[in-house]
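J.: Quick one: structure below, then a few questions.
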Amino acid sequence: MKIALRLGAYIDEKIPGVEVIYTRDNDTFVELHGRAYMANKNGADLFVSIHCNAFPPNPEVTGTETYVMGLSKAGRNLEVAKQENSVIYLEDDYEQKYQGFDPDSPESLILLSLEQTAFQENSLLLAANIENQFKTRAGRRSRGVKMAPFWVLWDTSMPSVLVETGYLSNKKEERDLNDPLLQDYIASAIFRAFRDYKEEIDKRN
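As structure tokens, then:
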């Protein structure tokens, strides 16, 4: 949330005319469908979901990853998607809200990926920009752009990315991610990626 708020402040300060809408601005839980609904309801041009990752089986794993909607052959990507999608279990009546979607079911994940391709090109452009900024300007270890069937990316009707800023299961990276200076570096990297993305889209239009 601190990274997201800092990113929004950069956009407000440096790109007049762009309206930033937060899914939350305090430490509250927003349901998955509520996040996408908010973006869709406001007619957003872009959806950026910011997270911290974890992989307890291997605490040595570090680095950033930026995901777009899709079905990857990489098993680890599917595990990340299952982990992020499993937040629906915290919601009341999730079976009805998500129409039988099961985060642990390969069939559910495949259906998500098949139904969302319209915005993939622009999503990939932004994702590549973000990972490039992480690597070249923010001094982060980039694990690259990846595809995975995340519910929030499927349910949004605009280009969308999900950013994993680092691994809380790695002790050093956990400390780093709690450092306000690094949070600012990460936010400024995402900002520069967004700025470059917007310039490219404006040229095309």
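Final position of the sequence shown in our numbering is 207; the numbers increase by one with none missing.
Glycine residues also receive a C-beta, built at the ideal position from the N, C-alpha and C atoms.
Just so we're clear, the structure is a prediction, and the values are computed from it rather than from any experiment.
1) Measure the Cβ-Cβ separation of N55 and Y169 and say whether it is below 7 Å.
2) Taking DSSP's pairing of strands, which residues face M149 in a bridge?
3) Can we say the stretch 25–32 touches the stretch 197–206, given the rule of at least three CB pairs closer than 8 Å?
4) In the DSSP output, which residue or residues are listed as bridge partners for V50?
5) Excluding the 5 residues preceding and the 5 following R46 in the sequence, name in chain order all residues of the same chain whose CB lies nearer than 6 Å to its CB.
6) Output needed for A76: all residues of its chain with C-beta closer than 8 Å, excluding positions within five of it in sequence on either side, in chain order.
7) Using 8 Å for Cβ pairs, my map puts V70 next to N172. What's the rounded Cβ distance?
8) Straight-line CA distance for S125 to V32?
9) Helix or strand or just coil, what does DSSP make of S171?
10) Taking the beta carbon of N29 as the centre, do at least 16 other beta carbons fall within 10 Å, making it buried, or is it exposed?
11) Which residues mark the beginning and the end of the alpha helix (DSSP H) in which D204 is found?
12) Using the Cα positions of P18 and R142, report the straight-line distance between them to the nearest angstrom.
13) According to the Cβ coordinates, are A41 and T158 closer than 7 Å?
T.: From the atom records:
1) Numbered from 1 along the sequence shown, position 53 holds the residue referred to as residue 55. Numbered from 1 along the sequence shown, position 167 holds the residue referred to as residue 169. Their beta carbons are under 7 Å apart, which means N55 touches Y169 by this criterion.
2) What you label residue 149 is simply residue 147 of the sequence shown in a count that begins at 1. Paired residue(s): V70.
3) no
4) On the sequence shown, residue 50 is found 48 positions in, with the first residue counted as 1. Looking at the DSSP assignment, V50 forms a beta bridge with V163.
5) Reading the sequence shown from its first residue, position 44 is the one you call residue 46. First, the residue type needs correcting, since residue 46 is Ala and not Arg in the sequence shown. Result list for A46: M160, in chain order.
6) On the sequence shown, residue 76 is found 74 positions in, with the first residue counted as 1. Model confidence at A76 stands at a pLDDT of 45, short of 50, so the residue's coordinates are unreliable; what they give is reported in the following sentence. K148.
7) Counting from one through the sequence shown, the residue named residue 70 turns up at place 68. Counting from one through the sequence shown, the residue named residue 172 turns up at place 170. Actually they do not touch by this definition, with Cβ atoms about 24 Å apart.
8) Taking the sequence shown and counting its residues from 1, one reaches residue 125 at position 123. Taking the sequence shown and counting its residues from 1, one reaches residue 32 at position 30. Straight-line Cα distance between these residues: approximately 23 Å.
9) Counting from 1 along the sequence shown, the entry for residue 171 is found at position 169. Note: S171 maps to coil in three-state DSSP.
10) Here residue 29 corresponds to residue number 27 of the sequence shown, with the count starting at 1. A small fix is needed here, since residue 29 is Asp in this sequence, not Asn. Exposed, by the Cβ-count rule.
11) Here residue 204 corresponds to residue number 202 of the sequence shown, with the count starting at 1. Note, D204: alpha helix (DSSP H), 182–206.
12) On the sequence shown, position 16 is the one that residue 18 refers to. On the sequence shown, position 140 is the one that residue 142 refers to. Cα to Cα, P18 sits roughly 28 Å from R142.
13) Taking the first residue of the sequence shown as position 1, residue 41 is located at position 39. Taking the first residue of the sequence shown as position 1, residue 158 is located at position 156. Yes, Cβ-Cβ distance for A41 and T158 is below 7 Å.
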